[in-house]
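In this note's numbering, the protein residues as written are 79 to 360. Beta carbons: idealized from backbone N, C-alpha and C, even for Gly. In this text the structure is predicted, and so the values were computed from the model without any measurement.
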């Protein structure tokens with residue numbers, strides 16, 4: 079099969095290349111931003127035409143920056159995804175986010191829950207989702223993503239641990255920390271299942287099982303690194319005011335994986351243990 083990976087220079091995009099190589103999928107066009115500007119709609123059409131599976135990992139991910147530049151953020155997260163959807167249709171798997179929801183839930187959020195974004199980033203991602211779903215493609219929502227490449231919460235905790243005696247981390251937001259390489263492997267498996275006709279188009283949730291808070295995740299990172307977790311202290315979100323509101327609850331349900339032959343991801347804590355050797359500061 080021929081695969082197109084957009085956003086191939088980012089954290090998830092780089093892990094998608096690893097996952098495709100592991101799966102011995104060798105016909106891959108891994109397009110970085112320099113190779114393919116996803117806002118160049120004609121170039122996006124041309125790149126997607128010959129692919130059997132399009133894995134869209136390109137995104138505007140500056141959540142706070144989107145508040146001041148919503149049109150630019152939506153050009154990437156909404157308009158460009160619409161063009162991919164129009165070109166690739168059911169061949170498209172586009173990565174999305176828990177930020178399309180408002181965070182008011184108190185139990186894992188089902189895949190079919192209506193959009194209710196509370197910030198500009200979420201509105202743009204919801205626009206992209208609507209286009210993908212209307213075109214018969216696949217949306218995979220993820221959350222609290224961390225990995226070897228690029229900045230992320232886990233690596234930030236490891237860096238700050240070397241500089242500070244204690245860290246204050248919010249304990250009033252709930253989510254499922256997810257390793258980007260594990261998600262990449264799941265996306266490749268979904269692509270294969272889609273081509274084989276085993277996975278119906280629609281929305282899926284690509285997050286780890288179980289949940290914790292940012293405080294809980296930070297303590298787990300310290301434990302994995304052999305550091306004293308008591309150095310991490312709980313605090314509340316109102317101590318860290320940011321331009322974009324964050325959902326308080328981002329735990330996603332995983333029911334739609336049943337019957338696809340692609341299993342849901344493992345528990346977040348076991349996942350962190352497996353990921354940690356690749357995450358240490360270099």
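(request) State the DSSP-derived secondary structure class of residue 329, mapped to helix, strand or coil. (result) coil
(request) Just mark residue 195 as buried or exposed, buried being the case when its beta carbon has 16 or more other beta carbons within 10 Å. (result) buried
(request) Name the two residues that bound the continuous alpha helix (DSSP H) containing residue 92. (result) 89-100
(request) List the DSSP bridge partners of residue 170. (result) 132
(message) Less than 9 Å between the C-beta atoms of residue 90 and residue 258, yes or no?
(response) yes
(request) Please work out which residues of its chain come closer than 6 Å, Cβ to Cβ, to residue 174, disregarding the five sequence neighbours upstream and downstream, and give them in chain order. (result) 203, 207, 217, 219
(message) Please state the DSSP three-state secondary structure of residue 340.
(response) coil
(request) Would you decide whether residue 343 is buried or exposed? Buried here means 16 or more other CB atoms lie within 10 Å of its CB. (result) buried
(message) My assumption, with CB atoms under 8 Å, is that residue 135 sits in contact with residue 85. Please give the rounded CB distance.
(response) 4 Å
(request) Identify whether residue 211 lies in helix, strand or coil by the three-state DSSP scheme. (result) helix
(request) Inspect the CB distances between the region 334-343 and the region 226-239 and report whether three or more fall short of 8 Å. (result) no
(message) Taking 8 Å as the limit between beta carbons, can you name the residues of its chain near residue 322, skipping five residues before and five after?
(response) 141, 142, 144, 145, 197, 198, 199
(request) Output the residue ranges of the alpha helix (DSSP H) runs that lie fully inside the region 211-283 and measure 4 residues or longer, sorted by chain position. (result) 231-239, 258-273
(request) Decide if the region 344-351 is in contact with the region 249-268; the criterion is three or more beta carbon pairs, one per stretch, under 8 Å apart. (result) yes
(request) For residue 102, count neighbouring Cβ atoms within 10 angstroms of its own Cβ and tell me buried if that reaches 16, exposed if not. (result) exposed
(message) If you reduce the DSSP assignment to three classes, tell me which class residue 138 lands in.
(response) coil
(request) Count the other C-beta atoms from every protein chain shown that fall within 10 angstroms of the C-beta of residue 358, then say buried if there are 16 or more, exposed otherwise. (result) exposed
(message) Taking only three categories from DSSP, how would you classify residue 104?
(response) coil
(request) For residue 319, count neighbouring C-beta atoms within 10 Å of its own C-beta (all shown protein chains included) and say buried if the count is 16 or more, exposed if not. (result) exposed
(message) I need the DSSP call for residue 324, collapsed to helix, strand or coil.
(response) coil
(request) Can you give me the Cβ contacts of residue 80 inside the same chain, cut-off strictly under 7 Å, excluding the 5 residues immediately before and after it? (result) 105, 128, 129, 130
(request) Could you tell me the boundaries of the beta strand (DSSP E) in which residue 84 lies? (result) 81-84
(request) Assign residue 244 to one of two classes, buried (16 or more other C-beta atoms within 10 Å of its C-beta) or exposed (fewer than that). (result) exposed
(message) I'd like the span of the beta strand (DSSP E) that includes residue 285, first residue to last.
(response) It is not in any beta strand (DSSP E) - residue 285 carries neither H nor E in the DSSP assignment.
(message) Closest to residue 325 by C-alpha separation, out of 187, 95, 159, would be which residue?
(response) 187
(request) Report yes if the CB atom of residue 115 is closer than 9 Å to the CB atom of residue 262, and no otherwise. (result) no
(request) Can you tell me which of the three DSSP states residue 314 falls into? (result) coil
(request) Note down, one range per segment and in chain order, each beta strand (DSSP E) of at least 3 residues found wholly within the region 182-206. (result) none
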